[in-house]
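K.L.:
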Amino acid sequence: NAGVTQTPKFRVLKTGQSMTLLCAQDMNHEYMYWYRQDPGMGLRLIHYSVGEGTTAKGEVPDGYNVSRLKKQNFLLGLESAAPSQTSVYFCASSLATGYGYTFGSGTRLTVV
Amino acid sequence: AQSVTQPDIHITVSEGASLELRCNYSYGATPYLFWYVQSPGQGLQLLLKYFSGDTLVQGIKGFEAEFKRSQSSFNLRKPSVHWSDAAEYFCAVLYNFNKFYFGSGTKLNVKP
Numbered sequence: 057n058a059g060v061t062q063t064p065k066f067r068v069l070k071t072g073q074s075m076t077l078l079c080a081q082d083m084n085h086e087y088m089y090w091y092r093q094d095p096g097m098g099l100r101l102i103h104y105s106v107g108e109g110t111t112a113k114g115e116v117p118d119g120y121n122v123s124r125l126k127k128q129n130f131l132l133g134l135e136s137a138a139p140s141q142t143s144v145y146f147c148a149s150s151l152a153t154g155y156g157y158t159f160g161s162g163t164r165l166t167v168v
Numbered sequence: 488a489q490s491v492t493q494p495d496i497h498i499t500v501s502e503g504a505s506l507e508l509r510c511n512y513s514y515g516a517t518p519y520l521f522w523y524v525q526s527p528g529q530g531l532q533l534l535l536k537y538f539s540g541d542t543l544v545q546g547i548k549g550f551e552a553e554f555k556r557s558q559s560s561f562n563l564r565k566p567s568v569h570w571s572d573a574a575e576y577f578c579a580v581l582y583n584f585n586k587f588y589f590g591s592g593t594k595l596n597v598k599p
């Protein structure tokens, strides 16, 4: 039982490049989330999904897009990467409201 | 606006000493409250959570937290710290049933 798996774990992009981060969970959770973690700022919610085929904006959605075509996968896309998007990205999932999250181990992204 | 405040960025305690990490939140209703721990290079692990009922909640690894409505606080405590407790600790509040807001974290160092 893998829990929440994020790929890749590390990536370096040049400004303007695009990429997709993949989050996969095998717990049949309905809710999935993408966060970014920056020093001194804690975790900030980028986008989230309350079920297959649904997505919604979080606190800092600009510059990112997401898709939830399958219940177990939640993709985070950067269409044109900027240095301000250098961060550690965490995916999380939860069974339902208030159950707490299961987190992935993170993706460290550097945009140069 | 909702917010979660962890006023201590860094805390250093001696091994065997007691620990208290502070967390304050602002929210109109009684929120769902959580504490997470993050070891270097890892994702977040749930320590404990409070939904309702007894205001003193027990978690894993010997941690406990007390919800004080009058102070809008949810402080994390441990009576005797172990070297393995050195990590970063995040307080989080669940708003609107599906959005977590995290504090900026408190880094705990443990002196031998």
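Chains A and B, in that order, give the protein sequences.
Residue numbers for the first sequence follow our numbering, beginning at 57 and rising by one.
Residue numbers for the second sequence follow our numbering, beginning at 488 and rising by one.
The C-beta atom is built at its ideal place from N, Cα and C for all residues, glycine as well.
Predicted model, so just to flag it, every value in this text is computed and none were measured.
(1) Just checking my contact of histidine 497/B with lysine 594/B at CB under 8 Å: how many whole Å lie between their CB atoms?
(2) Less than 7 Å between the C-beta atoms of phenylalanine 554/B and tyrosine 576/B, yes or no?
(3) Counting along the chain, where does the beta strand (DSSP E) carrying valine 68/A start and finish?
(4) Pull up the distance between the alpha-carbon of valine 490/B and that of tyrosine 582/B, whole angstroms please.
(5) Strictly under 7 Å for the Cβ-Cβ distance: is lysine 536/B near chain A by that measure?
(6) DSSP beta-bridge partners for glutamate 553/B?
(7) Contact criterion: CB-CB distance below 7 Å. Does leucine 520/B meet it with respect to chain A?
(8) Can you name the residues of chain B whose CB is closer than 9 Å to the CB of leucine 101/A?
(9) Looking at the C-beta of glutamine 545/B, does it have a partner C-beta in chain A at a distance below 7 Å?
(10) So with Cβ pairs under 7 Å, would you call glutamine 558/B a contact of chain D?
(11) Please classify tryptophan 570/B: is it buried, with 16 or more other beta-carbons within 10 angstroms of its beta-carbon, or exposed?
(12) Which stretch, first to last residue, makes up the beta strand (DSSP E) that contains glutamate 575/B?
(13) As a quick exercise: from Asp495/B, Asp572/B and Phe561/B, pick the residue whose alpha carbon is nearest that of glycine 96/A.
(14) When you compare the CB of glycine 156/A with every CB in chain B, is at least one pair closer than 7 Å?
(15) Which residues in chain A sit within 9 Å of glycine 540/B, going by Cβ to Cβ distance?
(16) Look at alanine 574/B and phenylalanine 521/B and say whether their C-beta atoms are less than 7 Å apart.
(17) Run through the DSSP bridge pairs and tell me what valine 491/B is partnered with.
(18) For aspartate 572/B, does the count of other Cβ atoms within 10 angstroms reach 16, so buried, or fall short, so exposed?
(19) Do you know offhand how far glutamate 108/A's Cα is from tyrosine 91/A's?
(20) Going by beta carbon distance, what residues of the same chain come within less than 8 Å of glycine 160/A, once the five residues before and after it are set aside?
P.N.:
With the structure as the only source:
(1) 5 Å
(2) no
(3) 66-69
(4) Here residue 490/B turns out to be serine, not valine, going by the sequence shown. Going from the Cα of serine 490/B to the Cα of tyrosine 582/B covers about 10 Å.
(5) yes
(6) Leu543/B and Asn562/B
(7) no
(8) Lys586, Phe587, Tyr588 and Phe589
(9) no
(10) Among the chains of the structure shown, chain D does not appear; the protein chains present are A and B.
(11) exposed
(12) 574-582
(13) Asp495/B
(14) yes
(15) None at all; the shortest Cβ gap to chain A is about 13 Å.
(16) no
(17) Tyr512/B
(18) buried
(19) 19 Å
(20) Gly59, Val60, Thr61, Gln62, Cys79, Phe146, Cys147 and Ala148
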